[in-house]
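Just below is one structure, and these are the notes that go with it.
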Amino acid sequence: MEFLLTLIISSVVLWFVFLRRHGRGPRAYICRKQNCYDDKSYKKKFIQVPIMRGFKLKLLTKLMSSLFGNIWLVKYINAEAEFFDFRRTSFEELPTFYPTAYLQVKHDDEKSFTHADVENLIHGSQKSENFKFVSMSQILSHYKNGTITPSQLAEKTLRILGRMRKYNIIVDFDAENLKKMAAASTDRYRDKRTLSPIDGIFVVIKDEYPATGLTCSSGTTFIGRNSCKEDCAMVARLRELGAIVFAVANMHEFGLGTNGNNVNKGYGRCHNPYNENHFTGGSSSGSAAAVASGIVPVALGTDGGGSIRIPSSYCGVVGLKPTFGRLSSAKMHSHANTVSHCGPICGNVRDTAAMFSLLAGADQRFPEGTNQPKVILPKLKENLDGLKIGIDRRFFEDCTEEVLEHCNRALHHLERSGAEIVDLEIAELNECSVAHRITILSEMTTSAQKDYDNHYDEWTLPNRMLFEMGNHITAVDYVQANKQRTRMLGIIREVFEQVDVIVTPTCAHAAPKVHPGDVKYGAANANQDTMNMRFSTLGNFTGIPGISIPVGYNDSNLPIGFQIMASWWREDLIFQVAEYLENKIKLKRPSVYFNLVDE
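Its first residue numbered 1, the sequence shown is counted upward by one per residue in the UniProt record's numbering.
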């Protein structure tokens, strides 16, 4: 009897453990038909994961990397983050791994432009007599008139940097090289042989742009701690134009976060110039704060999920994510190659348009951008007659009341501009957000794999959590997400057959207040990150260009950003709409601000 019982139990165990099909079987699937985009539902979602900080965050991070975490906890968190949503979706589409499928567009009005055309763009009028960030036009006028030289501005900038250390905006700079470059530019102005319309303009770069003589560490304590030996493509281009690249801006560690809180030694939380008790946004935190505080008129950032537009919104400046591939990422520290974009952050729209125009162009070292048409300089005028502006009000209104109030005011300005406001419903926006999250976390986890294993204890706690989550995303999840990308490319192509631009808030809320527990260890706040990225991911996943401009301020003097997106390669249209709005908005001076030319 005992033998028979043992045999039965052993047989059952053998069946369930070794022979029975595990975790599969007939089930219901969502079937997505190719080129059929009828599901236009939109759901406001809240991720059911509590905020973790301090001891709770340390404990959770330990658990997630344990056997228990790998067997159950990480899978539970990933399910709450909707990372498994596409496992029961059947797509007819093939995956698209780079958002270039519909980018072979040419325009009848495309033409080359001269440096004189860009100079005219830079020196165009800014109508408002209210506060304005110091523009390239002001600086360049001083250079040409001889009232200020690049060398004098270099000395002043170094004094400002000394006073700004506590704000953790700049993490590395080369004072001696700054003086040398400024002296060379001063000589060129004296001899009337400047290299371009931006000769002598000071530029700060995010900690992902390799530049000779500066470190490039991606916000970590262990990557690239020695000075770089060569320039990446964008820095090399700036130097060819005579711009002065002299400092590295703070960023969220590895670009994997949206609040700009880098708790690593040598970085620290970057302070928001409008209210230092609030976050700057990330991951290009220092780049946006450097412009907002007046250190420079121009900074470069990168944007894989809003990382230019989010901090630009929080810090009240203008940030552009161009069309995917428009600016070369050659020789960059790029950790999410299919969604990441280089772009400028400036104090006004004209400066942003000028910098973009001079930096854009094909680079054979960056194949994803070699099929692009020539840059179209924006036609900036006093009205928007004939333009069709699209708005999905369900999406547009998925934000806090204060953000909606200011963005509605911006929309009212556009309604009086001569443009036609077109109501539309964009299909599969929720699916786009999930697919983007799967894609960017998969790519960043893959990029960090060696350093995560070899420097585990040196990573910040929130990023350890994210990498554990990323390690549980499967190849099936990634391929399915990029089948959704194929669908989104088709959906957006149809949208731009109806309208010229789409408008949304930039972020669903203004810059959050810093919790005391965030400063030492950071925090894991999934819903805050989701709200930050809500309106950004569409542009990253499909590659369409988007710009954030400030359109108001809340009761705490924190800026509210407004986003304008256009079809691939049509940056000229978003500049046109952005500059029209800029002339209608009264800007406020940040609490921490240095005027480079007048003080």
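Cβ atoms here follow ideal geometry from the backbone N, Cα and C, with glycine treated the same way.
Which whole-angstrom value describes the C-beta separation of residue i and residue j, a residue pair presumed to lie in contact below a C-beta threshold of 8 Å?
{"i": "N35", "j": "G490", "result": "6 Å"}
{"i": "H271", "j": "A289", "result": "7 Å"}
{"i": "L178", "j": "I244", "result": "7 Å"}
{"i": "A354", "j": "P197", "result": "7 Å"}
{"i": "L587", "j": "N130", "result": "6 Å"}
{"i": "Q576", "j": "L380", "result": "6 Å"}
{"i": "A182", "j": "S151", "result": "5 Å"}
{"i": "L241", "j": "D199", "result": "7 Å"}
{"i": "A336", "j": "E443", "result": "4 Å"}
{"i": "F246", "j": "D174", "result": "6 Å"}
{"i": "Y267", "j": "V171", "result": "6 Å"}
{"i": "G301", "j": "G319", "result": "7 Å"}
Quick one: using the 10 Å Cβ neighbour count with 16 as the cut-off for buried, is residue i buried or exposed?
{"i": "D14", "result": "Checking the sequence shown, residue 14 turns out to be Leu, not Asp. Burial call: exposed."}
{"i": "D398", "result": "buried"}
{"i": "D39", "result": "exposed"}
{"i": "W568", "result": "buried"}
{"i": "P462", "result": "buried"}
{"i": "V298", "result": "buried"}
{"i": "G146", "result": "exposed"}
{"i": "K206", "result": "buried"}
{"i": "D529", "result": "buried"}
{"i": "G522", "result": "buried"}
{"i": "C216", "result": "buried"}
{"i": "K72", "result": "Checking the displayed sequence, the identity of residue 72 turns out to be Trp instead of Lys. W72 is exposed by the Cβ-count criterion."}
{"i": "M469", "result": "buried"}
{"i": "F18", "result": "exposed"}
{"i": "M1", "result": "exposed"}
{"i": "Y209", "result": "buried"}
{"i": "H509", "result": "buried"}
{"i": "Y314", "result": "buried"}
{"i": "D500", "result": "buried"}
{"i": "V12", "result": "exposed"}
{"i": "E579", "result": "buried"}
{"i": "P273", "result": "buried"}
{"i": "F396", "result": "buried"}
{"i": "Q364", "result": "exposed"}
{"i": "R27", "result": "exposed"}
{"i": "H333", "result": "buried"}
Which residue marks the beginning of the beta strand (DSSP E) containing residue i, and which one marks its end?
{"i": "Q34", "result": "Note, Q34: premise wrong, no beta strand (DSSP E); not H, not E."}
{"i": "G546", "result": "G546 to Y553"}
{"i": "I585", "result": "Looking at the DSSP string, I585 is not in any beta strand (DSSP E), and its letter there is neither H nor E."}
{"i": "T89", "result": "T89 to F91"}
Identify the continuous alpha helix (DSSP H) that holds residue i and give its terminal residues.
{"i": "G286", "result": "S285 to A292"}
{"i": "V49", "result": "It is not in any alpha helix (DSSP H) - V49 carries neither H nor E in the DSSP assignment."}
{"i": "A566", "result": "Per DSSP, A566 belongs to no alpha helix (DSSP H); it is in the beta strand (DSSP E), P559 to A566."}
{"i": "I148", "result": "No alpha helix (DSSP H) holds I148; DSSP gives it neither H nor E."}
{"i": "S10", "result": "E2 to L14"}
{"i": "V501", "result": "Careful: V501 lies outside any alpha helix (DSSP H), inside the beta strand (DSSP E) at V501 to P505."}
{"i": "M355", "result": "V349 to L359"}
{"i": "N482", "result": "A475 to V495"}
{"i": "Q528", "result": "A526 to M533"}
{"i": "K62", "result": "G54 to M64"}
{"i": "T100", "result": "Run containing T100: none; DSSP gives neither H nor E here."}
{"i": "H115", "result": "H115 to I122"}
{"i": "M469", "result": "L461 to G470"}
{"i": "N78", "result": "V74 to E80"}
{"i": "T542", "result": "T537 to T542"}
{"i": "K132", "result": "Neither: K132 is in no alpha helix (DSSP H) and is coded neither H nor E."}
{"i": "V17", "result": "Looking at the DSSP string, V17 is not in any alpha helix (DSSP H), and its letter there is neither H nor E."}
{"i": "V519", "result": "D518 to Y521"}
Does the CB of residue i have a neighbour CB from chain D at under 9 Å?
{"i": "V501", "result": "Protein chain content of the structure displayed is limited to a single chain, and chain D is not contained in it."}
The segment 155-164 contacting the segment 115-134, beta-carbon criterion three pairs below 8 Å: No, because fewer than three Cβ pairs between the segment 155-164 and the segment 115-134 fall closer than 8 Å, the two stretches do not touch.
Do three or more CB pairs link the segment 252-265 to the segment 128-147 at distances below 8 Å? Taking a contact to require three or more Cβ pairs closer than 8 Å, the segment 252-265 and the segment 128-147 do not qualify as touching.
Write down every uninterrupted run of the alpha helix (DSSP H) in the segment 375-429 whose length is 4 residues or greater and which is fully enclosed by it, in chain order. For secondary structure counted as the alpha helix (DSSP H) over 4 or more consecutive residues, the segment 375-429 holds these complete runs in sequence order: 393-396 and 401-415.
Counting beta carbon pairs with one atom in the segment 415-430 and one in the segment 484-501, are three or more of them shorter than 8 Å? Touching, per the Cβ criterion.
Restricting to runs no shorter than 4 residues, where is the alpha helix (DSSP H) found entirely within the segment 289-341? Qualifying alpha helix (DSSP H) stretches, in chain order: 309-315.
Examine the Cβ distances between the segment 544-562 and the segment 504-514 and report whether three or more of them are shorter than 8 Å. Yes, the segment 544-562 is in contact with the segment 504-514.
With a cut-off of 8 Å, do at least 3 Cβ pairs link the segment 394-414 to the segment 295-309? Flag = no, the segment 394-414 and the segment 295-309 do not touch.
Could you tell me whether the segment 363-370 touches the segment 314-332, where touching means 3 or more Cβ pairs closer than 8 Å? Result yes; three or more Cβ-Cβ pairs closer than 8 Å.
Touching or not, the segment 522-535 and the segment 303-321, by the rule of three or more beta carbon pairs under 8 Å? Using a C-beta cut-off of 8 Å, the segment 522-535 makes contact with the segment 303-321, since at least three inter-stretch Cβ pairs fall below that distance.
Any chance you could list the alpha helix (DSSP H) runs of at least 4 consecutive residues sitting entirely within the segment 173-257, in chain order? The segment 173-257 contains these whole alpha helix (DSSP H) runs: 175-190 and 233-240.
Could you check whether the segment 342-362 touches the segment 442-457, counting it as contact only if at least three pairs of C-beta atoms, one from each stretch, sit closer than 8 Å? With a cut-off of 8 Å, the segment 442-457 and the segment 342-362 do not count as touching, because too few Cβ pairs lie within range.
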